[in-house]
Amino acid sequence: MSSEKSPSSSEEQPQVAPSTGCLAIFKGIFGNASNGSTSQSKEQTYSEKNAQAYREMISTSSSSLPPAYEALQQEMSQLRVNGSSDIKLSDLWENNEFAKTVHHAIEAVSAELREISLKYDALPGIGHACGHNLIAISGVATAIGIKAVIEKFHLAAQVKLLGTPAEELEGGKIVMLNKGAFENLDVCMMLHGANTDVIYTNFLALDTVEVEFFGKASHASASPWEGINALDAAVLTYTNIGLMRQQMRPDQRVHGIIKDGGKAANIIPDYTKSVYTVRSPKYSEVEVLKKRVEAIFKGAAAATGCRVALKWGSPYMDILTNDPLARKFEHFMNAQGLKYAPKQEQQSKVSGSTDMGNVTYALPGIHPMFNILNLEGKDDNSMGLHTSAFASAASQPTGHIATLRAAKGLAMTGVECILDDEFLDSVKKDFESTK
């Protein structure tokens, strides 16, 4: 649900441009990471005394943020978000020593890291109408909060901040997943701005296809009968997909554009290119829907005498929301005064797609959406994602406050994964039972 990369705004200092941020946590020192390492000394683990003190402080408050997170709150309260939705470089670099981690996370994107700037992929024409500026801020803020708690309580764990570009069209997380960026991790979490507050997101699986029709050019007035019209094939495809929607389920989608419809009105087009996206709640259903649209492509080619070529992209999987992680995040957001609709109602609110779905098939994860339009938990259907109004809202103070509030909830959830082995076991068991 993000956007394409925008060019760097600085000629002197090239900027690294992650479009979205994932928080990954692993407890290799405890032997809980998938590398199976368990031969660490007692000195490398947190003390039972600190653990008990931590749990006691957690239980002392239910109406406000747990006092145990004083270190987290103090660190996160120092973050400075300006009107351009930037977190100051010093917050990330000087105080939290993330240089090596961030450089490692973004090596696949940039050969040389000089500066971190949270100005990254934006939608063509309307800017940050998917709020990726806030996603990146939330990821950095969450990592800073978790790190503060790790250091104060001497917890034997690590947190990774992964910059994940090109979610909107290229599936950056899928590329990074295939390259091993998510290996040996216990959980992965991220946040996304919206016009509603949702934990149990109903992201659809999808696949995208590039459709090319090849015909024969001729003069559109002097000898049109000698041509084979590739635009006719593209129009037939577009029309027949529209007719097919009558027999599609309400939760399925097929939509597309004609990117190249010809070069001149007086030439019978010998080539056209279209792009279509097929979506459904489960990828197994996408595969069935793909066969139906492929029949339309081939039928249009046969009817016009054209040749057709199809190029399918990397599929986006539906998202597997880990229930223990989701309930823990809800608990910490409730402590900040935010209440959520019932699970089933939440699942009916969002129907986009994300490459985070592929990550949740590889390891436990959640992808909560947080309302950037108000702080009272009131849905605002007048201003949805991918609109200019939402792009404007993504730079406003309310959105910044909502971002840091959600980041606190995610940071606390991450700390629970580190401290509570039983909780982490429940997270992993839920993942194994649902994938």
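Last residue of the sequence shown: number 435 in the UniProt record's numbering, and the count goes up by one each step with no gaps.
Backbone N, C-alpha and C define an ideal beta-carbon position, used for all residues, glycine too.
Taking all protein chains shown into account, do 16 or more other C-beta atoms lie within 10 angstroms of the C-beta of residue i, making it buried, or fewer, making it exposed?
| i | result |
| --- | --- |
| T38 | Only weak support is given to the placement of T38: the predicted model assigns it a pLDDT of 31, under 50, and the question is left unresolved by the model. |
| V288 | exposed |
| T237 | buried |
| T304 | buried |
| D421 | exposed |
| A309 | exposed |
| V212 | Correcting the residue type first, residue 212 is Glu in the shown sequence and not Val. Buried, because 16 or more other Cβ atoms sit within 10 Å of the Cβ of E212. |
| P224 | exposed |
| T413 | buried |
| K160 | buried |
| A233 | buried |
| L419 | buried |
| G28 | Residue placement at G28 cannot be trusted, given a pLDDT of 37 that sits under 50; what the coordinates show is reported in the next sentence. G28 comes out buried. |
| A222 | exposed |
| A148 | buried |
| F157 | Per the sequence shown, residue 157 should be read as Ala rather than Phe. Counting Cβ neighbours within 10 Å, A157 comes out buried, since at least 16 surround it. |
| D425 | exposed |
| T239 | exposed |
| Q346 | buried |
| A136 | buried |
| K339 | exposed |
| K290 | buried |
Would you kindly report the start and end of the unbroken beta strand (DSSP E) that includes residue i?
| i | result |
| --- | --- |
| H255 | 253-260 |
| A194 | 192-194 |
| R307 | 307-312 |
Per DSSP, which residues does residue i bridge with? Please list them.
| i | result |
| --- | --- |
| H219 | I267 |
| A205 | S280 |
| V149 | In the DSSP output, where bridge partners are listed per residue, V149 has none listed. |
| N371 | A194 |
| N214 | Residue identity check: residue 214 is Phe in the sequence provided, not Asn. Its beta-bridge partners are Y271, R307. |
| Q227 | Residue identity differs from the one stated: residue 227 is Gly in this sequence, not Gln. DSSP lists no partner for G227. |
For residue i and residue j, which I take to be in contact (beta-carbon distance under 8 Å), what is that distance rounded to the nearest angstrom?
| i | j | result |
| --- | --- | --- |
| G326 | S138 | First, the residue type needs correcting, since residue 326 is Ala and not Gly in the sequence shown. With a Cβ gap of about 17 Å, A326 and S138 do not count as contacting. |
| T398 | N374 | 7 Å |
| F370 | L191 | 6 Å |
| N322 | P364 | 4 Å |
| F297 | G409 | Contact flag wrong, Cβ pair sits at about 45 Å. |
| H367 | T201 | 5 Å |
| K273 | K263 | Not really, about 12 Å apart at Cβ, beyond 8 Å. |
| T208 | G337 | Between G337 and T208 the Cβ distance is about 40 Å, and since that is not below 8 Å, they are no contact. |
Start and end of the alpha helix (DSSP H) containing residue i?
| i | result |
| --- | --- |
| T360 | 356-360 |
| E287 | 283-304 |
| T403 | 397-419 |
| I319 | Segment: none, I319 is in no alpha helix (DSSP H) and carries neither H nor E. |
| M244 | 230-244 |
| M176 | 172-178 |
| K378 | No alpha helix (DSSP H) contains K378, which DSSP labels as neither H nor E. |
| Q346 | 343-347 |
Verify whether the separation of the beta carbon atoms of residue i and residue j is less than 8 Å.
| i | j | result |
| --- | --- | --- |
| A301 | I267 | no |
| L206 | S348 | no |
| V275 | G256 | yes |
| P253 | R279 | Note on residue identity: the sequence assigns Arg, not Pro, to residue 253. Result yes, Cβ atoms of R253 and R279 sit closer than 8 Å. |
| C417 | V198 | no |
| Y283 | P250 | no |
| V415 | I146 | yes |
| residue 442 | I372 | Because residue 442 is not part of the residues shown, which for the chain are 1 to 435, the question remains open. |
| M356 | K173 | yes |
| I215 | N229 | Looking at the sequence provided, one finds Gly at residue 215 rather than Ile. Yes, the pair counts as a contact, with Cβ atoms nearer than the cut-off. |
| A411 | T142 | yes |
| P281 | F423 | no |
| E183 | K311 | no |
| A220 | A181 | no |
| Y361 | K435 | yes |
Could you check whether the Cβ of residue i sits closer than 8 Å to any Cβ belonging to chain C?
| i | result |
| --- | --- |
| W312 | Among the chains in the structure shown there is no chain C, since it carries only a single protein chain. |
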